[in-house]
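Student: Count the sequence shown with the numbering used here and you get residues 198 to 498, in order. Quick reminder that beta carbons are idealized off the backbone N, C-alpha and C, glycines included. Below are the structure tokens for one structure; questions will follow.
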Amino acid sequence: MTVKSSAFISNASIKDASRNQDNPGQLYIVATPIGNLHDFSPRAISTLQQVDLIAAEDTRHSGHLLKQHDINTHCIALHEHNERHSSQKLIQSIKQGKNIALISDAGTPLVSDPGYYLVKLAHEAGISVVPVPGPSAMITALCAAGLPTDRFCFEGFVPSKTTARKKFYETCQKEPRTLVFYETPHRIVASLTDLCAVLGEQRVVVLARELTKTFETIRNDTAGTLLEWVKADPNQQKGEIVLVIEGCKTPRSEEIAPETERILRLLLKELSLKQAVKLTVDITGEKKKTVYRVALNIEQR
Ligand code: SAM
């Protein structure tokens with residue numbers, strides 16, 4: 198690998214300059230665009246131009262992107278079917294002094310993409326892992342969703358079968374953090390239908406589709422309205438999709454006792470909100486303000 202003096206790869210160059218016969222190479226984890234080619238960072242391009250080898254999820258797919266950016270580095274495949282074997286071979290090459298970059302078809306490697314095993318092996322072998330950050334669909338969707346971003350959880354792909362999917366949404370019911378998922382276009386209607394059934398039609402959901410591309414669509418609405426809109430417009434059932442879901446607004450169980458919530462829910466079925474709150478407070482001695490807030494959230498869903 199030739200060392201080019203470039204501000205964009207300063208980190209990579211410094212480490213590379215210190216390399217000698219006894220030092221292994223490095224493993225670069227390089228993010229690529231999720232749609233818009235201008236999101237390919239100069240540092241990512243320089244790194245890919247300079248490493249000895251690129252491990253790509255799909256060499257043919259990445260070949261087009263690499264050619265467009267004058268990256269002529271040799272590519273080999275590292276995908277879910279050969280990940281273990283290929284990773285072991287790559288680690289051997291790095292130990293022999295080669296610098297290797299890992300890329301995926303789009304976005305950040307390891308985020309619902311292969312690479313975890315390779316990075317784990319690199320750490321075990323004492324090899325430096327150098328991240329070259331860039332786009333990822335989950336962060337791109339989250340930052341534009343209009344939902345709280347201070348705490349969130351990313352759950353990868355929603356299960357494909359209805360039973361598993363419903364169970365999965367059930368596990369999300371009480372999650373207070375914003376939830377981020379990947380979903381496929383041919384399952385979006387079924388998935389939103391299950392989401393409405395389990396989390397309620399009033400839960401706020403953001404559909405982020407074709408991010409950074411020509412038909413980029415970001416819609417923040419209640420789950421029920423979103424489902425009707427997607428059903429009515431086949432265009433919304435195409436392309437790549439991220440779902441961002443509002444966390445559960447009910448205060449966590451630590452904030453009101455489970456028994457208080459049980460009583461409140463029973464009373465809400467029979468009485469007005471005001472009466473149910475008053476009786477719950479009388480019975481349990483719980484704070485009125487908290488019980489009222491929980492009651493409102495229950496009623497909204
Ligand atoms: N590693 C990638 C990343 O960092 O975003 C994700 C790879 S995962 C196999 C592919 C999924 O990411 C797609 O099915 C879709 O859910 C989501 N995705 C990727 N690009 C997207 C885009 N431009 N717009 C919306 N979702 C996208």
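(1) What is the DSSP secondary structure of residue 353, counted as helix, strand or coil?
(2) At a cut-off of 6 Å, would you count residue 388 as near ligand 1, judging by its Cβ distance to the nearest heavy atom?
(3) DSSP has residue 367 in a bridge; who is on the other side?
(4) Distance check for residue 482 and residue 492, CA to CA, integer angstroms please.
(5) Run through DSSP, which three-state label would residue 304 get?
(6) Helix, strand or coil, according to DSSP, for residue 486 in the structure here?
(7) Tell whether a beta-carbon distance below 7 Å holds between residue 253 and residue 287.
(8) Sorted by chain position, which residues of the same chain lie with C-beta nearer than 8 Å to residue 495's C-beta, five sequence neighbours on each side aside?
(9) Between residue 312 and ligand 1, is the CB less than 6 Å from at least one heavy atom?
(10) CA-CA distance, residue 450 and residue 427?
(11) Going by DSSP, name the residue or residues bridged to residue 272.
(12) Any idea if residue 296 is buried or exposed, counting beta-carbon neighbours within 10 angstroms, 16 or more meaning buried?
(13) DSSP on residue 338, reduced to helix/strand/coil?
(14) So which of 393, 366 and 407 has the shortest CA-CA distance to residue 382?
Tutor: Taking the geometry as given:
(1) The three-state secondary structure of residue 353, taken from DSSP, is strand.
(2) No, the Cβ of residue 388 stays beyond 6 Å of every heavy atom of ligand 1.
(3) Beta-bridge pairing links residue 367 to no other residue.
(4) When rounded, the distance between both Cα atoms is 15 Å.
(5) Here residue 304 sits in strand by DSSP.
(6) Helix at residue 486.
(7) No; because the gap between Cβ atoms is not below 7 Å, this pair is not in contact.
(8) The residues are 447, 461, 462 and 465.
(9) Remark: the C-beta of residue 312 is outside contact range of ligand 1, defined as less than 6 Å to any heavy atom.
(10) Its pLDDT being 48, under 50, residue 450 is placed unreliably in this model, and the value from its coordinates should be taken loosely. Roughly 34 Å separates the two Cα atoms.
(11) For residue 272, the pairing in a beta bridge is given by DSSP as 251.
(12) The residue in question, residue 296, is buried, as its Cβ has 16 or more Cβ neighbours within 10 Å.
(13) Note: residue 338 maps to helix in three-state DSSP.
(14) Considering only alpha carbons, the answer is 407.
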